[in-house]
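Participant: Structure in structure tokens, see below.
There are 2 protein chains.
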Amino acid sequence: MTSSTPLSSTERTTLGRKKNRGVTDRQALYAVLDDGLICHLGVVRDGTPLVLPTGYGRDGDTLYVHGSTGASSLRTAAGIEVCVTVTLLDGIVYSRSVNDHSMNYRSAIIFGVAKAVVEPNAKMHALKVLTDHLAPGSWEHARDVNAKEFAAVSVLALDLTEASVKVRAEGPADAEEDILANKAWAGVLPVRTVFGEPESSADLPAGFPVPGHVTERAAATAP
Amino acid sequence: MTSSTPLSSTERTTLGRKKNRGVTDRQALYAVLDDGLICHLGVVRDGTPLVLPTGYGRDGDTLYVHGSTGASSLRTAAGIEVCVTVTLLDGIVYSRSVNDHSMNYRSAIIFGVAKAVVEPNAKMHALKVLTDHLAPGSWEHARDVNAKEFAAVSVLALDLTEASVKVRAEGPADAEEDILANKAWAGVLPVRTVFGEPESSADLPAGFPVPGHVTERAAATAP
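Chains as they are written, first to last, in the UniProt record's numbering: chain A, 1 to 223; chain B, 1 to 223.
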């Protein structure tokens, strides 16, 4: 599978309606996953759905998810069918009619069987991918994972084989008669996720400098 | 059920670990739901999990979800078990050790059977609740829902009976030895969701004013 391989078109990743919002190239999938910070992991437990928010990281066509994120069920997600969804909200679409209000967004939905990453080199690599996504630069700056921590953590891997991407990135789509009536405003209120000023921990010595990988990240998305 | 009724403590809403992050009062649930804009709705389809992003709105102890959001399966969610999760990311927690990195967040998970809202008055009320959450002021400003639109739209309702809330809102939690080593920065990089400047639709006449309910919303969360 290369980056130009089209996304899958299995029945459950083929959009039932609004097909124009489906995006079928792999770069679009990567872009959504690389821009998000939290995914929603769905599993079936006792026959009912469970949706858990968790961090993740991508390396090529593999998505890694932390297996110890506050929910015991994540550990049991290894070897079973999961659905991972990442959604980025980009705007509120105000239309001339209440009914045509909408959102601009990018979302990715991935289906597959999550596998526990157990081989030590692969597991350490997965932890680096997760860290690089959550906090780029921390893998080099912070203390390494020690043997006890390494044994206690669990990581799941999911192939990006069966996936779909949906994007809405446009203005209102009002009916002609609503446009002609000219009675209401229509437009988009952009929604952005931004970083604030880094807040040093209270237990750091006074004057401990905020490292470049943190200040640069804050500056990159400052409004 | 009043606003001071504790949240449920069924087995699946009782946290398996990190119990200190569980929040058990109903106001905390309302706060998460009222601050979010998108929920992730989980259903079981053909025995496998499906997680869909969609808009929602809350009125008292009822959560409303649009039933026609691009996925035919949402319509079949009526009458079946769902899990609705809303997650707000508040910060990236940088710790002195890679292993202790974390996120500050607020999340709500609700379990229940989604019911289709069919009685006309209840359905119109549900549409108003959804609109007021997505775009406050639009119910009054934009054209009303007409009979054809009203018939075509579907709304699901979910009681906020079985729910759990988790909150992490603190600095790094490093081990004493990592603090004493004093080798790495630790702190929080805040994450905020903000609105940008309203963008008027290209098909509006020049000079059409942006209404107050939009400009005020943009200003309220401007950084």
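Ideal Cβ positions, reconstructed from N, Cα and C, are used throughout, including at glycine.
If we cut at 8 Å on Cβ distances, does H40 (chain A) have a partner in chain B?
Facilitator: Sequence index remark: in the first sequence, residue 40 (chain A) carries index 40 (1-based). Yes, H40 (chain A) counts as interfacial toward chain B.
Participant: Spell out whether any CB of chain B is found under 8 Å from the CB atom of R58 (chain A).
Facilitator: Reading the first sequence from its first residue, position 58 is the one you call residue 58 (chain A). Answer no: the Cβ-Cβ gap between R58 (chain A) and chain B never drops below 8 Å.
Participant: For a test of your reading of the model: does the CB of G55 (chain A) fall under 7 Å from any non-hydrogen atom of the ligand NAD? Yes or no.
Facilitator: Ligands in the displayed structure: none, and consequently the ligand NAD is not present.
Participant: G137 (chain A) and H66 (chain A) look like a contact to me (Cβ under 8 Å); what is the Cβ gap, rounded to whole Å?
Facilitator: For the purposes of this step, residue 137 (chain A) is taken as the residue at position 137 of the first sequence. For the purposes of this step, residue 66 (chain A) is taken as the residue at position 66 of the first sequence. Contact doesn't hold; Cβ gap of about 19 Å is too wide.
Participant: Just the chain A side, please: which residues come within less than 7 Å of L50 (chain B) by C-beta, in chain order?
Facilitator: Translated into the one-based positions of the second sequence, residue 50 (chain B) becomes position 50. Within chain A, the residues near L50 (chain B) are G42, C83.
Participant: Check whether the Cβ of E119 (chain A) lies closer than 8 Å to any Cβ atom in chain B.
Facilitator: Start at 1 with the first residue of the first sequence, and residue 119 (chain A) comes out as number 119. No, its Cβ sits nowhere closer than 8 Å to a Cβ of chain B.
Participant: Beta-carbon within less than 8 Å of A218 (chain A)'s beta-carbon, same chain only, minus the 5 sequence neighbours each way: which residues are those?
Facilitator: As a first step, residue 218 (chain A) must be located in the first sequence, where it is residue number 218. Excluding positions up to five away in sequence, the list reads F195, G196, E197, P198.
Participant: Who are D59 (chain A)'s beta bridge partners in DSSP?
Facilitator: Counted from its first residue, the first sequence places residue 59 (chain A) at position 59. BP columns for D59 (chain A) point to A:T62.
Participant: Hey, quick one: how far does the alpha helix (DSSP H) through S138 (chain A) stretch, first residue to last?
Facilitator: One-based indexing of the first sequence puts residue 138 (chain A) at position 138. From DSSP, the alpha helix (DSSP H) with S138 (chain A) extends over 138 to 141.
Participant: Going by DSSP, what residue range makes up the beta strand (DSSP E) through A108 (chain A)?
Facilitator: Within the first sequence, the letter at position 108 stands for residue 108 (chain A). Unbroken beta strand (DSSP E) run through A108 (chain A): 102 to 113.
Participant: Mind checking G57 (chain A): buried by the 16 CB within 10 Å criterion, or exposed?
Facilitator: As a working mapping, residue 57 (chain A) is identified with position 57 in the first sequence. With 16 or more Cβ atoms within 10 Å of its Cβ, G57 (chain A) is classed as buried.
Participant: With a CB to CB cut of under 6 Å and the five nearest residues on each side skipped, what residues in its chain are close to A184 (chain A)?
Facilitator: As a first step, residue 184 (chain A) must be located in the first sequence, where it is residue number 184. The residues are R96.
Participant: For Y94 (chain A), would you say it is in contact with chain B, using Cβ-to-Cβ distances shorter than 8 Å as the test?
Facilitator: Counting from one through the first sequence, the residue named residue 94 (chain A) turns up at place 94. Chain B contact via Cβ: present.
Participant: List, in chain order, every chain B residue whose beta-carbon is nearer than 7 Å to that of A142 (chain A).
Facilitator: The residue you call residue 142 (chain A) lines up with position 142 of the first sequence. Here the neighbours are S95, R96, S97, V98, A184.
Participant: According to a CB-to-CB cut-off of less than 9 Å, which residues of the stretch 185 to 203 of chain A neighbour chain B?
Facilitator: So the close ones are W185, A186, G187, V188, L189, P190, V191, R192, T193, V194, F195, G196, E197, P198, E199, S200, S201, A202, D203.
Participant: What is the DSSP secondary structure of D34 (chain B), counted as helix, strand or coil?
Facilitator: Here the question's residue 34 (chain B) lines up with position 34 in the second sequence. If DSSP states are grouped into helix, strand and coil, D34 (chain B) belongs with the helices.
Participant: Alpha carbon to alpha carbon, what distance is there between W139 (chain B) and A206 (chain B)?
Facilitator: Within the second sequence, residue 206 (chain B) is the residue found at index 206, counting from 1. Within the second sequence, residue 139 (chain B) is the residue found at index 139, counting from 1. Those two C-alpha atoms are separated by around 24 Å.
Participant: Kindly indicate which residue of A:I110, A:N99, A:L88, A:A173 has the alpha-carbon position closest to the one of M124 (chain B).
Facilitator: Against the second sequence, residue 124 (chain B) aligns to sequence position 124. Looking at the Cα atoms, A:N99 is the closest of the given residues.
Participant: Interface residues of chain B around A218 (chain A) at Cβ under 8 Å?
Facilitator: Within the first sequence, numbered from 1, the residue matching residue 218 (chain A) stands at position 218. Near A218 (chain A) (Cβ distances below 8 Å), the residues of chain B are L189.
Participant: Which residues bound the beta strand (DSSP E) around T131 (chain B)?
Facilitator: Here residue 131 (chain B) refers to the residue found at position 131 of the second sequence. No beta strand (DSSP E) contains T131 (chain B), which is instead part of the alpha helix (DSSP H) from 120 to 134.
Participant: So which residues on chain A does M103 (chain B) lean against when the C-beta distance must stay under 8 Å?
Facilitator: Counting from one through the second sequence, the residue named residue 103 (chain B) turns up at place 103. Here the neighbours are L37, I38, G55, L134.
Participant: Answer yes if the stretch 85 to 93 of chain B comes into contact with the stretch 102 to 116 of chain B, meaning at least three C-beta pairs across the two stretches below 8 Å, and no otherwise.
Facilitator: The stretch 102 to 116 of chain B, when compared against the stretch 85 to 93 of chain B, does touch it at the 8 Å Cβ threshold.
Participant: By how many angstroms is the C-alpha of L134 (chain B) removed from the C-alpha of P120 (chain B)?
Facilitator: Residue numbering aside, residue 120 (chain B) sits at position 120 when the second sequence is read from its first letter. Residue numbering aside, residue 134 (chain B) sits at position 134 when the second sequence is read from its first letter. The alpha-carbon atoms of P120 (chain B) and L134 (chain B) are separated by roughly 21 Å.
Participant: Nearest to V153 (chain A) by alpha carbon, out of A:V165, A:T215, A:H40, A:L127?
Facilitator: As a working note, residue 153 (chain A) is residue 153 in the first sequence. With distances taken between Cα atoms, V153 (chain A) lies closest to A:L127.
Participant: For chain B, check one thing: does any of its Cβ atoms lie closer than 8 Å to the Cβ of T62 (chain A)?
Facilitator: Residue mapping note: residue 62 (chain A) aligns to position 62 of the first sequence, counting from 1. By this cut-off, T62 (chain A) is not an interface position.
Participant: Find the residues of chain E that neighbour T87 (chain A), judging by a C-beta separation of less than 8 Å, and give them in chain order.
Facilitator: No chain E is part of this structure, whose protein chains are labelled A and B.
Participant: Three-state secondary structure (DSSP) at I179 (chain B)?
Facilitator: Along the second sequence, read from residue 1 onward, the residue named residue 179 (chain B) stands at position 179. Three-state DSSP puts I179 (chain B) in a helix.
Participant: Using alpha carbons as the reference points, say which of B:D59, B:G42, B:S200, B:L52 lies closest to D159 (chain B).
Facilitator: Here residue 159 (chain B) refers to the residue found at position 159 of the second sequence. Looking at the Cα atoms, B:D59 is the closest of the given residues.
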